[in-house]
Amino acid sequence: MELFPAMPLADWQETKATLHRFAQVVGKIRLASSARRNHWWHAPFHLTGRGLTTRPMGMIDGNPIFTIDFDFIAHELIVSTADGRTASFSLHDKSVALFYREVMRALTALDVHVDVNIPRPFDLPDSDRPFAEDIQHTAYDPSMVTRYWQVLSQVNLVLEEFAAGYSGKVSPVHHFWHTFDIAHTRFSGRVIDQPADVDPVTREAYSQEVISFGFWFGDDSFPAPAFYSYTAPEPEGLHTEPLQPATARWIAQRGSHLAVLPYDDARAEPDPRATVLAFYESAYQAGARRAGWDIGRLACPGGITDPQRKGRA
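Heads up, the sequence shown is in the working numbering, so the first residue is 2 and it goes up one at a time.
Put into structure tokens, the structure is as follows:
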């Protein structure tokens, strides 16, 4: 399979909008049924060999242990319990409203009872419309959905490879249903006292100093897929630091700066994987230098911390 196949936003924008809301339905169930983790690590999805999974949930809320999986080969949603029962339905020809009803029906059939606190989209243009009333979003192109998952799978492994080079606190590589991106975050260990007026989602996400790395598929504000990185809080002069390759750049976004490597520029390079790894490393070096991280102490060459083996394969 081609590494980083073409993924123009215009080719699947309507499908992406529908799938994003499908993901938010399942994501809200994950929030309600999982033990809370620092920095919202209990919220995102993880990759499987066929799509996405919530990983096991339940038990703490009295429900049986269950998972919800998107299968982007067969294009089904599958709800499974630890005792072997399953309920599934096709993702084709579904409005968000119908998808929401079928998810809830599948949970009920498996004796899983979840109270979704706010059953409507989060931080999307229609965030005031309940899922159960959304009959607008119905587009679903299975070939583009499969390609979306394939790109996620490829980026997931590049991020896993990049993550191996750091020995400090890091997040998993995970897919956020909120912003529909895949990301990995490194932490310096410094606690950040957020202003009192910052919203609770942001306060928890950025309660410590971070440099984050990821990929998203484009949206109205940046209508093309791209690899990205940012440092939070942003140190002075970050946007003056060099990035690799030459096509990478800093862009202003929401009062700070984002390092961006357009997906199509990475695809055009002789070695796209090495190009993305170099981009992430250059963005890390930029943020870590400006923020005063102990780069040498936190390095983990080859994913090894054992002093007797460090630096050897």
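Ideal Cβ positions, reconstructed from N, Cα and C, are used throughout, including at glycine.
Given the structure is predicted, the values throughout are model-derived calculations rather than measurements.
query: Enclosing alpha helix (DSSP H) for VAL1 [first to last residue]; result: There is no way to answer for residue 1, as the model of the chain reaches only from 2 to 314.
query: Inter-residue Cα distance where the pair is PHE218 and PHE181; result: 8 Å
query: Any alpha helix (DSSP H) of 4 or more consecutive residues that is wholly inside the region 128-186; result: 143-164
query: For ILE30, the nearest candidate out of ARG187, HIS76, PHE223 and PRO122 (CA to CA); result: PRO122
query: Where TRP294 sits in the DSSP three-state scheme; result: coil
query: Distance, ILE79 Cα to ALA110 Cα; result: 12 Å
query: ARG51 versus ASP307: straight-line alpha-carbon distance, rounded; result: 35 Å
query: DSSP beta-bridge partners of THR232; result: ILE212
query: Contact under 8 Å by Cβ, SER34 with GLY59; result: yes
query: Beta-carbon proximity of ALA83 to ASP135, cut-off 8 Å; result: no
query: Bounding residues of the beta strand (DSSP E) (the contiguous stretch that carries LEU10); result: Counting along the chain, LEU10 falls outside any beta strand (DSSP E), and DSSP gives it neither H nor E.
query: Option nearest LYS170 by Cα separation, candidates HIS21, HIS40, THR16 and GLN309; result: HIS40
query: Helix, strand or coil at GLY50 according to DSSP, with G and I counted as helix; result: coil
query: Inter-stretch contact at 8 Å, needing at least 3 Cβ pairs: the region 148-155 / the region 201-209; result: no
query: Residue from ASP62, ILE212, ALA24 and GLU77 whose Cα sits closest to the Cα of LEU125; result: ALA24
query: Proximity to LEU108 [Cα-Cα], best of ARG86, PRO120, ALA197 and HIS93; result: ARG86
query: Whole-angstrom C-beta distance between VAL27 and THR55, which should lie under 8 Å; result: 6 Å
query: Closest by C-alpha distance to ARG187, when choosing among LEU262, SER128 and TYR281; result: TYR281
query: Segments of 3+ residues assigned as beta strand (DSSP E) that fall wholly inside the region 234-288; result: 250-254 and 257-263
query: Integer-rounded CB distance, given that THR276 should sit under 8 Å from PRO263; result: Not really, about 11 Å apart at Cβ, beyond 8 Å.
query: Beta-bridge pairing of MET105 - partner residues as DSSP gives them; result: In the DSSP output, where bridge partners are listed per residue, MET105 has none listed.
query: Rounded straight-line distance, which links the Cα of PHE132 to that of PHE100; result: 9 Å
query: Per-residue burial, SER91 [other beta carbons within 10 Å of its own, 16 or more giving buried]; result: exposed
query: C-beta contact flag for PHE214 and ALA284 at 8 Å; result: yes
query: Rounded Cβ spacing between SER230 and ILE212 (contact assumed at less than 8 Å); result: 7 Å
query: Contact check, CYS301 vs SER189, beta carbons under 8 Å; result: no
query: Same chain, Cβ closer than 6 Å to PRO45, neighbours up to 5 away in sequence not counted; result: HIS175, HIS176 and PHE177
query: Residues that ALA197 bridges to, as DSSP identifies them; result: Per DSSP, none; premise fails for ALA197.
query: Terminal residues of the beta strand (DSSP E) in which ALA24 lies; result: Unbroken run through ALA24 is the alpha helix (DSSP H), 14-34; no beta strand (DSSP E).
query: Range covered by the beta strand (DSSP E) that runs through ALA88; result: 87-91
query: Limits of the unbroken beta strand (DSSP E) element including ILE79; result: 77-82
query: Euclidean distance between Cα positions of LEU244 and ALA267; result: 13 Å
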